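Have a look at the structure below before the remarks.
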Amino acid sequence: MFKPLDPLLHSELRLAVMSLLISADDAEFPYIKEQTGATAGNLSVQIDKLSAAGYIEVEKTFKGKRPCTLCRITKKGQQAFEEYVDALKGYLDVSHK
């Protein structure tokens, strides 16, 4: 009856990161940190998990002499996010019947 929810995306912070990236070409680490309210350490760990799963790509570059970490969602990540949202809608629809 219920579709399974992707446990990787069921984490509040990872879901927030994916939600930000789904509508952006890419986002810098400080922007994601600011929008999610996460600590740098926790955000780094969660970004690593999403990257290891192939849901996002992480590019480390420089802006002038300062390091810059860019994150962008992959096609696999887009598909996983869409499936997660679709599955979640199934849970919500049942509660309204």
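Here the sequence shown is numbered in this note's numbering, starting from 18 and rising by one per residue. Even for Gly, the Cβ is constructed at its ideal location relative to N, Cα and C. Keep in mind the model is a prediction, meaning the values are calculated, not measured.
By a C-beta neighbour count over all protein chains shown, 10 Å radius and 16 as the cutoff for buried, is residue i buried or exposed?
| i | result |
| --- | --- |
| Asp62 | At residue 62 the sequence reads Val, which differs from the Asp that was named. Under this definition Val62 is an exposed residue. |
| Leu101 | The displayed chain sequence assigns Tyr, not Leu, to residue 101. Burial call: buried. |
| Leu109 | exposed |
| Gly107 | exposed |
| Thr53 | buried |
| Ile39 | exposed |
| Gly81 | exposed |
| Gly94 | buried |
With residue i as the anchor, note down where its beta strand (DSSP E) starts and where it stops.
| i | result |
| --- | --- |
| Leu87 | Arg83 to Ile90 |
Can you check whether the CB of residue j is closer than 8 Å to the CB of residue i?
| i | j | result |
| --- | --- | --- |
| Asp43 | Arg89 | yes |
| Ala69 | Asp23 | no |
| Thr91 | Glu74 | yes |
| Met18 | Leu26 | no |
| Ala57 | Lys50 | yes |
| Leu37 | Ala55 | no |
Can you pull the DSSP bridge partners for residue i?
| i | result |
| --- | --- |
| Phe14 | What is shown of the chain runs 18 to 114, which leaves residue 14 out entirely. |
| Val75 | Cys88 |
| Lys80 | Arg83 |
Quick check on the DSSP output: the alpha helix (DSSP H) that includes residue i runs from which residue to which?
| i | result |
| --- | --- |
| Ser61 | Ala57 to Ala69 |
| Leu32 | Glu29 to Ile39 |
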